[in-house]
Amino acid sequence: TFCGIYGLKPTQERVTQQGVAVPRLGDRNGQTIIKGVAGPMAHCVEDLAAVLRAWFRPSVWQRDALLPRMPFNRDVFAGLPSTSESGEVVAS
Numbered sequence: 005t006f007c008g009i010y011g012l013k014p015t016q017e018r019v020t021q022q023g024v025a026v027p028r029l030g031d032r033n034g035q036t037i038i039k040g041v042a043g044p045m046a047h048c049v050e051d052l053a054a055v056l057r058a059w060f061r062p063s064v065w066q067r068d069a070l071l072p073r074m075p076f077n078r079d080v081f082a083g084l085p086s087t088s089e090s091g092e093v094v095a096s
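In this text, residue positions in the sequence shown follow the working numbering: the first is 5, and each later residue adds one.
Given below as structure tokens:
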């Protein structure tokens, strides 16, 4: 890295926006087509993975029903091939 900090920009609507977005005057929340996302910054990739493991778990989904039910995949993070629900191998 250039400055010793790693960052991650998650896919839109993969991370909850609860507590981040503040309603604005006239209910104008800015850009509706290109949505902003909040992502973590850390000193190493392993720290980013720790944040994602905390964010992508069932207790978070219970608080925000709009999030996709897709847990952190340790095999993909480790670079191992993973399998889909149908049992097919998915490239990582």
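Positions of the beta carbon are idealized from the N, C-alpha and C atoms, including for glycine.
Keep in mind it's a predicted model, so treat the numbers as computed, not measured.
| Check | Outcome |
| --- | --- |
| PRO62 lies in the alpha helix (DSSP H); which residues open and close that run? | 62-67 |
| Taking 8 Å as the threshold (C-beta atoms), are ARG61 and PRO72 in contact? | no |
| Indicate the three-state DSSP secondary structure (helix, strand or coil) for ALA42 in the structure shown. | coil |
| For the putative contact between LEU52 and LEU12, defined by C-beta atoms under 8 Å, what is the C-beta separation to the nearest angstrom? | 5 Å |
| Would ALA46 and TYR10 qualify as a contact pair, given that the criterion is a beta-carbon distance under 8 Å? | yes |
| Ignore the nearest five residues each way along the sequence and tell me which others in LEU56's own chain have a CB closer than 6 Å to its CB. | PHE76 |
| Just to confirm before moving on: does the CB-CB distance between ASP99 and THR20 stay below 8 Å? | Missing from the structure shown is residue 99; the chain here goes from 5 to 96 and no further. |
| Which partner residues of GLY11 appear in the DSSP bridge assignment? | MET45 |
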